[in-house]
Amino acid sequence: MRLLVDHRERLVAQRTALINDLRWHLHDLSPGFEIPARALTAGCWQDRVAGRLARAEQTARVRIVRDELRRIRELTRSIDARQRELAVLVADVAPQLLAEPGCGVLTAAKLVGEIAGIARFATDAKLARMAGSAPIPASSGRTTRHRLDHGGNRQLNCALHRLAATKGRLDPKTAAYLARKQADGKTRREALRCLKRHPARRIWRLLQSPGTPSKPTARSP
Numbered sequence: 001m002r003l004l005v006d007h008r009e010r011l012v013a014q015r016t017a018l019i020n021d022l023r024w025h026l027h028d029l030s031p032g033f034e035i036p037a038r039a040l041t042a043g044c045w046q047d048r049v050a051g052r053l054a055r056a057e058q059t060a061r062v063r064i065v066r067d068e069l070r071r072i073r074e075l076t077r078s079i080d081a082r083q084r085e086l087a088v089l090v091a092d093v094a095p096q097l098l099a100e101p102g103c104g105v106l107t108a109a110k111l112v113g114e115i116a117g118i119a120r121f122a123t124d125a126k127l128a129r130m131a132g133s134a135p136i137p138a139s140s141g142r143t144t145r146h147r148l149d150h151g152g153n154r155q156l157n158c159a160l161h162r163l164a165a166t167k168g169r170l171d172p173k174t175a176a177y178l179a180r181k182q183a184d185g186k187t188r189r190e191a192l193r194c195l196k197r198h199p200a201r202r203i204w205r206l207l208q209s210p211g212t213p214s215k216p217t218a219r220s221p
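In my numbering, the protein residues as written are 1 to 221.
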């Protein structure tokens with residue numbers, strides 16, 4: 001699953017680079033032709049651009065753009081196919097993640113692939129530490145404070161951040177938690193950092209195999 005996620009991300013990066021170059025060429029060819037952001041990943045806009053290019057004089061630039069558009073279409077088909085493949089795998093391996101609000105196929109696949117077996121982590125705290133989502137104690141004397149952990153698995157940290165941000169938009173309890181943190185003077189980013197520890201706990205619990213007792217931990221927001 002991790003190989004498929006990484007491969008899909010590489011395909012997306014290639015497609016993004018081609019789209020950026022294609023937009024640059026289209027701006028020179030038709031300065032007044034407006035294309036919304038991320039529109040060129042959609043088939044309807046790809047068809048619209050293809051029709052416009054087919055009617056244009058077939059200069060070297062137009063031929064280059066048509067070739068780039070063809071490659072973008074090929075990459076889009078491959079990206080969609082990998083996502084469908086991942087959806088089947090996640091539904092088989094960890095359907096409980098897909099039932100979690102805010103956790104889609106790609107986030108679930110990234111979590112499963114990067115965790116590489118929840119049995120490696122005896123507690124949710126160990127998972128959070130590996131993900132770099134647990135704050136590091138940095139107290140001195142009578143001053144109690146914590147600092148951000150810049151270590152750990154950054155891919156897993158990114159997946160937890162994406163899950164936290166999505167739950168903040170979709171889940172009322174999570175949104176209320178973020179609002180409380182911001183009311184206490186934290187920025188939105190700082191509030192999300194506080195929140196990331198809770199998804200790590202939740203994911204650890206969800207991925208426990210049947211019959212594996214979960215150890216008691218603090219209540220999530």
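For glycine and all other residues, C-beta sits at the position ideal for the given N, C-alpha and C.
Straight-line spacing of the CA atoms in Leu97 and Ala108 works out to 6 angstroms. By the beta-carbon neighbour count (other beta carbons within 10 angstroms, threshold 16), Pro199 is buried.
Relative to the Cα of Val5, the nearest Cα in the group Arg84, Lys126, Thr16 and Ala119 belongs to Arg84. In the structure shown, Ser78 falls within a helical segment according to DSSP collapsed to helix, strand and coil. When C-alpha distances from Ser30 are compared across Val62, Gln14 and Thr123, the shortest belongs to Val62.
Contact between Ala131 and Gly152 is confirmed by a C-beta separation of about 5 angstroms, below the 8 angstroms threshold. For Leu206, the closest alpha carbon among the candidates Cys158, Ala119 and Arg154 is that of Ala119. Fully contained in the segment 51-124 are the following alpha helix (DSSP H) runs of length 4 or more, in chain order: 60-93, 95-98 and 105-115. Where Gly168 is concerned, the enclosing alpha helix (DSSP H) starts and stops at Arg154 to Leu170.
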